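Asker:
Number of protein chains: 2
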Amino acid sequence: MNEFELIARLTTSLPSNKAVVVGAGDDCAVLDLGVPDKLILFKTDAVVEGIHFSRETPPEKIGRKALARALSDIAAMAGTPTAALVTVALPENFDPESVSKIYDGLNLLAKKNGVAVVGGETTKTNDRILISIALLGTVPRGRKILRSGAKIGDAIFVTGELGGSLAEKHLEFEPRLAEARWLAEHFPIHAMMDLSDGLAGDLRHILAASQVGAEILKSAVPISHAAKLRAKEGSAAKPAFAAALTDGEDFELLFTVAGKDAVKLLDAWKPQFPKVKLSCIGKIVSGEGIFIRDKTGSHQLKAHGYVHFP
Amino acid sequence: MNEFELIARLTTSLPSNKAVVVGAGDDCAVLDLGVPDKLILFKTDAVVEGIHFSRETPPEKIGRKALARALSDIAAMAGTPTAALVTVALPENFDPESVSKIYDGLNLLAKKNGVAVVGGETTKTNDRILISIALLGTVPRGRKILRSGAKIGDAIFVTGELGGSLAEKHLEFEPRLAEARWLAEHFPIHAMMDLSDGLAGDLRHILAASQVGAEILKSAVPISHAAKLRAKEGSAAKPAFAAALTDGEDFELLFTVAGKDAVKLLDAWKPQFPKVKLSCIGKIVSGEGIFIRDKTGSHQLKAHGYVHFP
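Residue numbers (the working numbering), protein chains in the order written: chain A, 6 to 315; chain B, 6 to 315.
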């Protein structure tokens, strides 16, 4: 049983109530708690030593990354983050100075994004450091964007460049909060999520939720410099295109809009976010699965994204 | 540096924003997100194998306890829980069937309390199982109860009986949600919290937040049957009164009301909650610290409650 099978099994009969607008299965849970013009976004995300960072990672960057990942999930719903709680599990011999530095990195990113850190706890673990962030945010009613709205004929977009995040970006990335809110305000975005497990794996979540397929134009997928560099390093390296499809932790936005809006969107984007690349990488089609179109034709993609567990 | 010193250091300069009504340091964070008649409660709580349960604890009870602890924090604010996210960190060899059972126990308690489980994640750890619960709740505006409102002359109350929780209660307790809401609706409760680290340690939080002291009447402290039984087991056992003061995980309510309301409260409580004991155990006094009054006089209490970290 892999992570997705386990999650599928666990989420079949979760308790619900009338406050739940969207439960498990999207980037954030969405709740209606009676704010007149807004819905509440609710998300937790954990980083674990040995998976998301190493013992050698500077503690400020560990703290920053822990919060940045959760912020990226709020971005994926076109939301605005409000308040975070921080749970840190540490080995007994861990230095309090380093705990302070974890918080320093986290607090700095929180301030930058207007997020209040309203508490949390520090607990013991045997070996690996684990940091779990619980995050609350809001989104204007009628402006939340789910994974399930992709329609046949939609253009598929990604922000930034993909692959090779492990070289540096996974510790440095800026959650696409402003970009996502601008998109939701100015265009009818049909479906959106953030890329955490790799394009190939994550796009499948949109396709499954929307019951559609996708055709990706190989030459249109933006490949990061880091992925290209690594591909040149020798025969053991992943080809750059494969890295762009399957490396995790890009934390870029993946979204779809009606085909008719695609060019208008690209034109409006450039002056708004001159430093952030936006690429139309393909289209939503009928059927299921992902097809990659290159010079030789259209090929079904078998590769999956990164699977966390087991 | 112990847990409280570390927390004090970490919470001195946390980022805040205008949504924050109460930040770190009370049972829950309190946020104003614009719900006309309500404030939002936000809390995380983690249980860790070897501290809060053992590898032999039935998985249903582990899941139940993880949620029950967080519910108790919502109770401590006189709130109503709404939605939970569940983070489970597991060793690689952990059986998926047991993960399902953790969720079964948790879901059952969630349903009983009208709480929606809206997602979460399962991640890897090396050794100890860790479950972190993020919980959202609400409290009517003007009815939240903090730790900081105790006044000189207040009567100090506890629900239930204290000590010996480790024998069984820590896996079985019912969070005092209904009791706390009833209290807040019917009496001007000055200060309240839930007992998780033992009366002696937890009462100090109310005293410090309210800048007052307390005198506890030794004979009035309700001692659990389990603590009395254990005290009889031999010379290595903790005396029953010490257990009632310092054992952790009672998850009872500790609160104060004006002295003039004390008898009225005791009279009104009995028909409302016939199965839950309510005890007036002392009074709030000027100064600082805890004094225990017995037949021989009044003695300052040095013992602290349970400290989690380091």
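For each residue, glycine too, the CB sits at the ideal point set by N, CA and C.
Keep in mind the model is a prediction, meaning the values are calculated, not measured.
If you compare alpha carbons, which of Glu179(A), Gly239(A), Val40(A), Ala249(A) is closest to alanine 231(A)?
Answerer: That would be Ala249(A), whose Cα lies nearest to the Cα of alanine 231(A).
Asker: In angstroms with no decimal places, state the Cα-to-Cα distance between leucine 306(A) and valine 262(A).
Answerer: Roughly 22 Å separates the two Cα atoms.
Asker: For proline 20(B), go through chain A and note every residue whose CB falls closer than 8 Å to its CB, in chain order.
Answerer: The answer, in chain order, is Asn112, Ala115, Lys116, Val120, Ala121, Val122.
Asker: Can you list the alpha helix (DSSP H) stretches of 4 or more residues lying completely in the stretch 218-291 of chain A, in chain order?
Answerer: Whole alpha helix (DSSP H) segments, 4+ residues: 230-236, 245-251, 267-277.
Asker: Quick one: what does DSSP say aspartate 317(A) is sitting in, helix, strand or coil?
Answerer: Residue 317(A) cannot be examined here, being either before or after the span of chain A that is shown, 6 to 315.
Asker: At which residues does the beta strand (DSSP E) containing histidine 304(A) begin and terminate?
Answerer: That run of the beta strand (DSSP E) goes 302-305.
Asker: Starting from serine 105(A), find everything on chain B with Cβ-Cβ shorter than 9 Å and list it in chain order.
Answerer: Going along chain B in sequence order, the residues near serine 105(A) (Cβ under 9 Å) are Leu11, Arg14, Leu15.
Asker: Do the stretch 113-123 of chain B and the stretch 25-44 of chain B meet, that is, are 3 or more Cβ pairs less than 8 Å apart?
Answerer: Contact fails: fewer than three Cβ-Cβ distances are below 8 Å.
Asker: From this set, Ile289(A), Ala139(A), Phe260(A), which residue's C-alpha is nearest alanine 83(A)'s C-alpha?
Answerer: Taking only the C-alpha atoms, the option nearest alanine 83(A) is Phe260(A).
Asker: Rounded to whole angstroms, what is the Cα-Cα separation between leucine 11(B) and glutamate 190(A)?
Answerer: Cα to Cα, the separation comes out at about 43 Å.
Asker: Would you report the Cα separation of alanine 75(A) and asparagine 112(A), rounded to the nearest angstrom?
Answerer: The alpha-carbon atoms of alanine 75(A) and asparagine 112(A) are separated by roughly 14 Å.
Asker: With DSSP run on the structure shown, which of helix, strand or coil describes lysine 43(B)?
Answerer: Strand at lysine 43(B).
Asker: With DSSP run on the structure shown, which of helix, strand or coil describes lysine 23(A)?
Answerer: Note: lysine 23(A) maps to coil in three-state DSSP.
Asker: Is valine 91(B) near isoleucine 138(B), with beta carbons less than 8 Å apart?
Answerer: Yes, the pair counts as a contact, with Cβ atoms nearer than the cut-off.
Asker: Which residues in chain B sit within 7 Å of proline 63(A), going by Cβ to Cβ distance?
Answerer: None at all; the shortest Cβ gap to chain B is about 18 Å.
Asker: Pop quiz: glutamate 65(B) and aspartate 109(B) are said to be a contact at Cβ under 8 Å. What is the actual Cβ separation, rounded to whole angstroms?
Answerer: So it is a contact: roughly 5 Å between Cβ atoms.
Asker: Flag this pair as yes or no: are the beta carbons of lysine 265(B) and glutamate 220(B) separated by less than 8 Å?
Answerer: No. Outside cutoff.
Asker: Taking the C-alpha atoms as reference points, what is the distance between valine 227(B) and alanine 213(A)?
Answerer: A small correction: the amino acid at residue 227(B) is proline; valine does not occupy that position in the sequence shown. Distance between the alpha carbons of proline 227(B) and alanine 213(A): 57 Å.
Asker: In chain A, which residues lie less than 8 Å from glycine 125(B) when you measure between Cβ atoms?
Answerer: Here the neighbours are Ala29, Thr49.
Asker: Name the DSSP bridge partner or partners of aspartate 199(B)?
Answerer: DSSP, once it has assigned bridges, lists Leu258(B) as partnering aspartate 199(B).
Asker: Tell me whether serine 21(B) counts as near the ligand GDP, meaning its Cβ is closer than 7 Å to at least one heavy atom of that ligand.
Answerer: With respect to the ligand GDP, the structure shown offers nothing to examine, as it has no ligands at all.
Asker: Taking the alpha carbon of alanine 185(A) as the point to measure from, which residue in His304(A), Lys70(A), Gln277(A), Asn22(A) has its own alpha carbon closest?
Answerer: Residue Gln277(A) is the option with its Cα nearest to alanine 185(A).
Asker: Output the boundary residues of the beta strand (DSSP E) element that contains lysine 322(A).
Answerer: Chain A is shown from 6 up to 315; residue 322(A) falls before or after that span and cannot be answered.
Asker: Relative to the C-alpha of glutamate 293(A), which candidate in Gln216(A), Glu254(A), Lys282(A) has its C-alpha closest?
Answerer: When each option's Cα is compared against that of glutamate 293(A), the closest is Gln216(A).
Asker: Starting from glycine 168(B), follow the beta strand (DSSP E) in both directions and report where the run begins and ends.
Answerer: Segment: none, glycine 168(B) is in no beta strand (DSSP E) and carries neither H nor E.
Asker: Looking at the secondary structure, which residues open and close the alpha helix (DSSP H) in which serine 75(B) lies?
Answerer: Per the sequence shown, residue 75(B) should be read as alanine rather than serine. It spans 64-81 - the alpha helix (DSSP H) in which alanine 75(B) sits, taken as one unbroken run.
Asker: Please classify glutamate 238(A): is it buried, with 16 or more other beta-carbons within 10 angstroms of its beta-carbon, or exposed?
Answerer: By the neighbour-count rule (16 or more Cβ atoms within 10 Å), glutamate 238(A) is not buried but exposed.
Asker: Which residue from Gly253(A), His57(A), Ile297(A) puts its Cα closest to that of leucine 222(A)?
Answerer: Checked all of Gly253(A), His57(A), Ile297(A); the closest Cα to leucine 222(A) is Ile297(A).
Asker: For threonine 85(B), decide whether its Cβ has a neighbour in chain A, counting only Cβ atoms nearer than 8 Å.
Answerer: So no, threonine 85(B) is outside the interface.
Asker: Using a Cβ cut-off of 8 Å (strictly closer), state whether alanine 24(B) contacts chain A.
Answerer: At least one chain A Cβ lies under 8 Å of alanine 24(B).
Asker: List, in order along the chain, the chain B residues whose C-beta lies closer than 7 Å to that of isoleucine 45(A)?
Answerer: By Cβ distance, chain B contributes Leu38.
Asker: Under 8 Å: do the stretch 154-174 of chain A and the stretch 126-136 of chain B share three or more Cβ pairs, one atom per stretch?
Answerer: As far as the Cβ criterion goes, the stretch 154-174 of chain A does not touch the stretch 126-136 of chain B, which means the pair count is below three.
Asker: Can you give the Cα-Cα distance for alanine 88(A) and glutamate 97(B), rounded to whole angstroms?
Answerer: Those two C-alpha atoms are separated by around 32 Å.
Asker: Nearest-angstrom Cα distance between valine 25(A) and valine 123(B)?
Answerer: Roughly 8 Å separates the two Cα atoms.
Asker: Mind reading off the beta-carbon distance from aspartate 202(A) to glycine 253(A)? Whole number of angstroms is fine, and I expect it under 8 Å.
Answerer: Rounded, the Cβ-Cβ distance is 5 Å, consistent with contact.
Asker: In this structure, what does DSSP give as the bridge partners for alanine 89(A)?
Answerer: The partner list for alanine 89(A) (beta bridge, DSSP) reads Val122(A), Leu140(A).
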